[in-house]
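J.:
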Amino acid sequence: MRLVLLLAVLLLARGAVRIPLRRMKSLRHRLEEQGLLEASPNTLPSRVGSKFFSSLTGGVTTEPLENIMDAEYVGAISIGTPPQQFLVLFDTGSSDLWVPSVDCSSPACVGHERFDPRLSATHQATGQPVSIQYGTGSMSGVLAYDTVRVGNIQISNQAISLSKKEPGSFLTHHAFDGILGLAFPSIASSGTVPVFDNMMSQGLVAEDLFSIYLSSKSRTGSFVMLGGMDSSCFSGRLRWIPLSAETYWQIAVDRIIMRGRVVACPRGCQAVVDSGTMLLAGPPRDIATIQRHIGASEYPSGQYKISCRAKKSLPDIVFVIGGTKFPVPAKTYIQQIYLGYCKSGFESITVPTELWILGQVFLRQYYSVFDRAHHRVGLAPAAQQC
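If you use our numbering, the sequence shown closes out at 1066, no skipped numbers anywhere.
#1: For Leu-692 and Ser-902, I'd like the C-alpha separation in whole angstroms.
#2: With a CB to CB cut of under 6 Å and the five nearest residues on each side skipped, what residues in its chain are close to Pro-963?
#3: First and last residue of the alpha helix (DSSP H) that includes Met-879?
#4: Excluding the five sequence neighbours on either side, which residues of its own chain have a C-beta within less than 8 Å of the C-beta of Gln-834, listed in chain order?
#5: Roughly how many angstroms separate the alpha carbons of Ser-987 and Ser-1024, rounded to a whole number?
#6: Suppose the cutoff is 8 Å on Cβ atoms and the five residues either side in sequence are ignored; what does the same chain contact list for Pro-946 look like?
#7: Count the C-beta pairs between the region 945-960 and the region 875-891 that are closer than 8 Å, then say yes if the count reaches three, no if not.
#8: Per the DSSP calculation, Ser-781 is bridged to which residue(s)?
#9: Rounded to whole angstroms, what's the CA-CA distance from Leu-736 to Gln-804? Just pull it up for me.
#10: State the CB to CB distance for the pair Thr-1004 and Arg-919, rounded to an integer number of angstroms; the pair is presumed to be in contact (CB under 8 Å).
#11: Label His-854 either buried or exposed according to how many other C-beta atoms from any shown protein chain fall within 10 Å of its C-beta, with 16 as the threshold for buried.
#12: What residue does the alpha helix (DSSP H) around Cys-789 start on, and which one ends it?
#13: Would you mind working out which of Lys-1011, Phe-856, Ala-925, Gln-983 sits nearest Gly-791, comparing C-alpha positions?
#14: Going by C-alpha distance, which of Phe-914, Ala-839, Pro-780 is nearest Glu-793?
#15: In the DSSP output, which residue or residues are listed as bridge partners for Asp-826?
#16: Consider the C-beta atom of Asn-832 and the heavy atoms of the ligand FAD; say whether any pair is separated by less than 6 Å.
#17: According to DSSP, Lys-985 sits in a beta bridge with which residue or residues?
#18: Distance check for His-1055 and Pro-922, CA to CA, integer angstroms please.
#19: Considering only C-alpha positions, which residue in the set Trp-778, Arg-939, Glu-1027 is nearest to Pro-1071?
#20: Which value, in whole angstroms, describes the spacing of the CA atoms of Glu-926 and Phe-864?
#21: Under 6 Å Cβ to Cβ from Gly-1002, same chain only, skipping five residues before and after it: list those, please.
#22: Closest by CA to Gln-1045, which one among Ser-1028, Val-1057, Ala-1063, Asp-877?
#23: Is it buried or exposed, Pro-809, if we count other Cβ atoms within 10 angstroms and call 16 or more buried?
#24: Would you mind giving the Cβ-Cβ distance between Gln-1040 and Ser-955, rounded to the nearest angstrom? I have them listed as a contact below 8 Å.
#25: Locate the alpha helix (DSSP H) running through Gln-813, then write down its first and last residues.
#26: Measuring alpha carbon to alpha carbon, tell me which residue in Pro-763, Leu-777, Gly-975 is nearest Thr-872.
#27: Measure from the alpha carbon of Phe-1042 to the alpha carbon of each residue in Leu-823, Ser-841, Met-909, Leu-1059, then state which is nearest.
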């Protein structure tokens, strides 16, 4: 008992905290209010491939996340001195931190919080241009350095990209202001050091790992824990999977099965564990096979419609990884967008290699641990409540 209390005191001394979740309107409600919800499947397309191939397009701190229309889980950070607060998407599929600048006049910037460098005593401008491409949008702006706070962790001299342009309409409708990348330095723009790498090098986390819990039941309860994991949020034991590349959080998948039959990835394939992507994405041939097996039909926007009643009859899609089966049930991969309309949680990704993206459809089923010290990802069935 004395040892447990001592460990708790040490963690608190180094800044262990779980920040209360702030409840906000979902993207679904925001689009409903603007009369855009029914059109959103066509007007907000996803181009996951461009995110992964740009040529194609103290202790432990717990940061709460919010489920926005089952598409983003966002949490609060602050930048500058005194701090200016932003909601960001915690993204294991990218490595940069960016938020809108006061110099940005794009509609997506105007509707969100914007950082004002003139109000920060710790701001260091560089004037260096930066451009970042994601699957559903892009930003361009300038690179700067400032103090960043995530929970009770304060990072000095953190590289930040400040957007001056955010083309298109996709980012306009979302609740998050910017993105905080949690992937590796090798894919960070301009050779900058990502947020978690600075946390590690500045001795601000107890362990060189972070973990993510995405609630599938409500808009509350999700979190990213920087520097530790919470064993009460998963059942059984973690299955550790070695990384096959240290760019994104990339792992090897043995095969993908349905009703005991291999339906995709028959000779093994690579996959990226990505908290910033909504769906399960894979090569067009494999996705077409799966859509056929589950009875989904394509329509002109490139998405797949499916009967909402299919949730009760379709089997699990099972990812076999490191010899362990990770099932994804139909109630997760068939998603209701609005009343009477459902779509498949699978989409095609056109890239130069056979790559799968294990997005939130997958991660809502599994507590995930991203271990930088041992170059591995840990997965275990997520608890229903945490």
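For glycine and all other residues, C-beta sits at the position ideal for the given N, C-alpha and C.
T.: According to the structure data:
#1: With a pLDDT of 36 at Leu-692, under the threshold of 50, the modelled position of this residue cannot be trusted; read the value that follows with caution. Going by the C-alpha atoms only, they are around 21 Å apart.
#2: Glu-1034
#3: 875-881
#4: Thr-827, Val-828, Leu-884
#5: 9 Å
#6: Arg-935
#7: no
#8: Phe-795
#9: Its pLDDT being 38, under 50, Leu-736 is placed unreliably in this model, and the value from its coordinates should be taken loosely. Leu-736 and Gln-804: Cα-Cα distance of roughly 32 Å.
#10: 5 Å
#11: buried
#12: 787-790
#13: Phe-856
#14: Pro-780
#15: Gln-838
#16: Only the bare structure without any ligand can be found here, which leaves the ligand FAD out of the picture.
#17: Ser-977, Lys-1023
#18: 6 Å
#19: Look at the range of the chain in this structure, 681 to 1066, and you will see that residue 1071 is not part of it.
#20: 6 Å
#21: Ile-921
#22: Ala-1063
#23: exposed
#24: 7 Å
#25: Taken as a continuous stretch (DSSP letters only), Gln-813 belongs to no alpha helix (DSSP H), being part of the beta strand (DSSP E) at 804-813.
#26: Leu-777
#27: Leu-1059
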